[in-house]
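Structure first, then comments.
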Amino acid sequence: DQQVKQNSPSLSVQEGRISILNCDYTNSMFDYFLWYKKYPAEGPTFLISISSIKDKNEDGRFTVFLNKSAKHLSLHIVPSQPGDSAVYFCAASIQGAQKLVFGQGTRLTINP
Amino acid sequence: NAGVTQTPKFRVLKTGQSMTLLCAQDMNHEYMYWYRQDPGMGLRLIHYSVGEGTTAKGEVPDGYNVSRLKKQNFLLGLESAAPSQTSVYFCATTQGTEAFFGQGTRLTVV
Numbered sequence: 002d003q004q005v006k007q008n009s010p011s012l013s014v015q016e017g018r019i020s021i022l023n024c025d026y027t028n029s030m031f032d033y034f035l036w037y038k039k040y041p042a043e044g045p046t047f048l049i050s051i052s053s054i055k056d057k058n059e060d061g062r063f064t065v066f067l068n069k070s071a072k073h074l075s076l077h078i079v080p081s082q083p084g085d086s087a088v089y090f091c092a093a094s095i096q097g098a099q100k101l102v103f104g105q106g107t108r109l110t111i112n113p
Numbered sequence: 038n039a040g041v042t043q044t045p046k047f048r049v050l051k052t053g054q055s056m057t058l059l060c061a062q063d064m065n066h067e068y069m070y071w072y073r074q075d076p077g078m079g080l081r082l083i084h085y086s087v088g089e090g091t092t093a094k095g096e097v098p099d100g101y102n103v104s105r106l107k108k109q110n111f112l113l114g115l116e117s118a119a120p121s122q123t124s125v126y127f128c129a130t131t132q133g134t135e136a137f138f139g140q141g142t143r144l145t146v147v
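Going down the list, the protein sequences come from chains Z and V.
Okay, so the first sequence: first residue is 2 according to the working numbering, each after it adds one.
Okay, so the second sequence: first residue is 38 according to the working numbering, each after it adds one.
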């Protein structure tokens with residue numbers, strides 16, 4: 002039973018354009034959502050998060066949108082840069098960042 | 038400030054052998070976790086600890102044991118390794134609203 006799903010295993014975007022990564026969840030108890038970025042041979046690093054009391058959180062080129070009624074969140078990266086090429090994991094939790102439940106990941110490739 | 042450090046980084050085991058993975062953190066965090074990452078599966082929680090002397094099962098605990106004798110260390114043990122335990126293992130700590138990960142341990146069981 003996959004509680005957090007990232008249905009796109011990969012995404013290819015041209016440099017300078019917008020990258021949109023999607024994530025769906027099934028557990029309505031989740032109240033905190035995070036995005037992590039992972040380069041090969043490294044651990045995941047925190048990117049951005051959002052609480053269920055908000056519907057948008059922005060940090061520089063990164064914006065996360067949360068649609069609670071649809072149980073859907075998305076990460077927008079604009080403009081996309083070559084260094085953004087990585088695997089992106091969506092994660093959810095109940096109460097802060099404890100016991101995170103991860104999606105399968107989406108491999109983002111930014112083409113010059 | 039090293040953050041979260043995992044030892045070893047790579048290991049090859051034969052089926053039936055045992056080993057212990059060590060996670061050390063210098064951030065004084067209460068919560069520590071062990072995840073495994075497999076292709077197409079994301080990161081799945083094996084065991085976790087909410088403080089020194091405590092441990093609890095996660096989503097995929099079978100075949101693993103853990104101990105948290107000191108606040109800064111969280112050990113993951115494989116008593117009798119199986120090929121299905123070939124994976125990349127990540128340790129993490131959390132405090133509040135962010136989780137910090139180690140660099141991972143790539144384990145191959147042949």
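All C-beta atoms, glycine included, are put in the ideal place defined by N, C-alpha and C.
Collapsed DSSP secondary structure at residue i in the structure displayed
i, result
"serine 29 (chain Z)", "coil"
"glycine 79 (chain V)", "strand"
"aspartate 60 (chain Z)", "strand"
"glutamine 4 (chain Z)", "coil"
"glutamine 99 (chain Z)", "coil"
"glutamine 132 (chain V)", "strand"
"serine 117 (chain V)", "coil"
"glutamine 140 (chain V)", "coil"
"glutamine 62 (chain V)", "strand"
"glutamine 122 (chain V)", "helix"
Sub-8 Å separation of residue i and residue j beta-carbons
i, j, result
"leucine 82 (chain V)", "tyrosine 72 (chain V)", "yes"
"tyrosine 101 (chain V)", "tyrosine 85 (chain V)", "no"
"phenylalanine 34 (chain Z)", "serine 50 (chain Z)", "yes"
"alanine 129 (chain V)", "methionine 56 (chain V)", "no"
Residue from the options whose Cα sits closest to the Cα of residue i
i, options, result
"lysine 107 (chain V)", "V:Cys60, V:Gly139, V:Thr134", "V:Cys60"
"serine 124 (chain V)", "V:Tyr70, V:Met78, V:Met64", "V:Met78"
"serine 11 (chain Z)", "Z:Ser29, Z:Gln3, Z:Ile21", "Z:Ile21"
"phenylalanine 47 (chain V)", "Z:Asn112, Z:Ile78, Z:Gly104, Z:Glu43", "Z:Glu43"
"alanine 92 (chain Z)", "Z:Ile54, Z:His73, Z:Arg18, Z:Arg62", "Z:His73"
"arginine 62 (chain Z)", "Z:Ile54, Z:Leu76, Z:Val102", "Z:Leu76"
"glycine 106 (chain Z)", "Z:Asn28, Z:Val14, Z:Trp36", "Z:Trp36"
"threonine 42 (chain V)", "V:Gln54, V:Ala93, V:Leu112, V:Glu96", "V:Leu112"
"phenylalanine 31 (chain Z)", "Z:Asp85, Z:Gln82, Z:Val14, Z:Ile54", "Z:Ile54"
Chain-ordered chain Z contacts of residue i [CB-CB under 9 Å]
i, result
"glutamine 140 (chain V)", "Ala42, Glu43, Gly44"
"glycine 77 (chain V)", "Pro10, Gln105, Gly106"
Interface residues of chain V facing residue i [CB-CB closer than 8 Å]
i, result
"glycine 97 (chain Z)", "Thr131, Gly133, Thr134"
"phenylalanine 90 (chain Z)", "Gly79, Leu80"
Beta-carbon neighbours of residue i, restricted to chain Z and to distances below 7 Å
i, result
"tyrosine 85 (chain V)", "Lys100"
Contact set between residue i and chain V, taken where Cβ atoms lie within less than 9 Å
i, result
"serine 50 (chain Z)", "Thr134, Glu135"
"glycine 26 (chain Z)", "As written in the sequence, residue 26 (chain Z) is tyrosine, which differs from the glycine given in the question. Chain V residues near tyrosine 26 (chain Z): none, gap ~12 Å exceeds 9 Å."
"phenylalanine 47 (chain Z)", "Glu135, Ala136, Phe137, Phe138"
Contacts that residue i makes with chain V (C-beta to C-beta distance below 7 Å)
i, result
"phenylalanine 34 (chain Z)", "The premise fails here: phenylalanine 34 (chain Z) is roughly 11 Å from chain V at the closest Cβ pair, so nothing lies under 7 Å."
Inter-residue CB distance, residue i and residue j (contact presumed, cutoff 8 Å)
i, j, result
"phenylalanine 127 (chain V)", "leucine 80 (chain V)", "6 Å"
"threonine 91 (chain V)", "glycine 97 (chain Z)", "With a Cβ gap of about 18 Å, threonine 91 (chain V) and glycine 97 (chain Z) do not count as contacting."
Chain Z residues whose Cβ lies nearer than 8 Å to that of residue i
i, result
"tyrosine 68 (chain V)", "Gln99"
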